[in-house]
Amino acid sequence: MRVALLSDVHSNVHALRAVLDDIDRVAPDEIAFLGDAVGYNAHPGECLELLRERCGAMVLGNHDEAVVEGGEELFTAAARAGVEHSRDRLDAEAMAFLREVPRQTEIDGIHLVHGSPRGPTTEYVFPDTHPESLQQIVDHPSVGDAALVAMGHTHVPFVRDIDGLTVLNVGSVGQPRDGDPRPCWALVDTDGPEVEIRRVEYDIEAAVADVRKADLPARTATRLYEGR
């Protein structure tokens, strides 16, 4: 089974459409989303609607969680503004949907979570996370017999092997932070499992123009150019 995994769209509908076009060219068997549909950028409603239409599985991210539960006072100024913007623009039905999204799930041997199995919306797992910490993460009871743990949250893609279990961060669609501003997603063949991390071009100028039109923080716009 081939599964497309994407994460951290953050209301960037231009990036999301470009990724979905690439996914359509690849034609996987399933699409799954690893959280943070909303926040930061200009179009939360459009992004959430597209993800609901296209994804067979979804988990909740920390920005999604903040939109429906609060707590954004702990965020940076730009992140807080994005949460407030999203909350103001999502209708009651969309908010109700987000409240029902699980924090972890599994699809064909892939454990899906936004942050990590032991901190579903809070823990950050980076490419240089210490092997001992990674081992504790993959040993979490929620992982069960999964062959691959897929995460987002850091906006930095990587693939690592921990005692035969694949640990994957799929990067970010809407706000990459690894120095490459192109949207990122991952294609997983569960027979391996084998992983391909893919990047696509998109209209950054249109996304930046929408951020400015929505009167969102300047830092939100510059991050799209910088990929950081």
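Counting with this note's numbering, you get residues -16 to 211 for the letters of the sequence shown.
Here a beta-carbon is modelled for each residue, glycine too, at the ideal position from N, C-alpha and C.
Three-state class that DSSP yields for residue i in the structure shown
i: T203; result: helix
i: D91; result: coil
i: S99; result: strand
i: V156; result: coil
i: C38; result: coil
i: V84; result: coil
i: E106; result: coil
i: A218; result: The question about residue 218 has no answer, for the chain in this structure spans -16 to 211.
Residue i versus residue j - alpha carbon distance
i: K196; j: A49; result: 23 Å
i: F80; j: D74; result: 10 Å
i: R160; j: G210; result: 5 Å
i: D174; j: R143; result: 17 Å
i: C167; j: D186; result: 14 Å
i: L151; j: T104; result: 16 Å
i: T137; j: V96; result: 12 Å
i: G102; j: G135; result: 12 Å
i: V156; j: S125; result: 26 Å
i: V121; j: L148; result: 8 Å
i: E106; j: R206; result: 22 Å
i: E76; j: P140; result: 32 Å
Segment limits, alpha helix (DSSP H) that includes residue i
i: A190; result: I187 to K196
i: R72; result: A60 to R72
i: V50; result: N45 to E52
i: V121; result: P114 to V121
Start-to-end residues for the beta strand (DSSP E) that takes in residue i
i: D19; result: Note, D19: premise wrong, no beta strand (DSSP E); not H, not E.
i: A133; result: L131 to M134
i: D5; result: Taken as a continuous stretch (DSSP letters only), D5 belongs to no beta strand (DSSP E), being part of the alpha helix (DSSP H) at V(-4) to V9.
i: E179; result: E177 to R182
i: V142; result: F141 to I145
Own chain partners of residue i with C-beta closer than 8 Å, once the 5 adjacent residues on each side are dropped
i: P114; result: I145
i: G39; result: E13, I14, A15 and I90
i: R63; result: E55 and E56
i: L33; result: V(-4), L(-1), R0 and L3
i: L117; result: V108, R143, I145 and V150
i: M(-16); result: D12, E13, D91, D172, T173 and D174
Contacting residues, own chain, Cβ-Cβ under 7 Å from residue i (five flanking each side not counted)
i: S69; result: S(-6), V21, G22, P27 and V50
i: V(-14); result: P11, D12, E13, A15, I90, D91, I93, V171 and T173
i: R202; result: A61
i: T88; result: A40, V42 and L95
Cutoff 6 Å; reference residue i; Cβ partners in own chain excluding five residues on either side
i: M41; result: F16 and V84
i: E179; result: L170
i: N45; result: T104
Beta carbon proximity, residue i to chain D, threshold 8 Å
i: H123; result: No chain D appears in the structure shown, which is made up of a single protein chain.
(message) Counting beta carbon pairs with one atom in the segment 105 to 115 and one in the segment 186 to 197, are three or more of them shorter than 8 Å?
(response) In short, these stretches do not touch, since the Cβ pair count stays below three.
(message) Assess contact between the segment 92 to 103 and the segment 116 to 136, defined as three or more Cβ pairs (one per stretch) separated by less than 8 Å. Is contact present?
(response) These segments touch.
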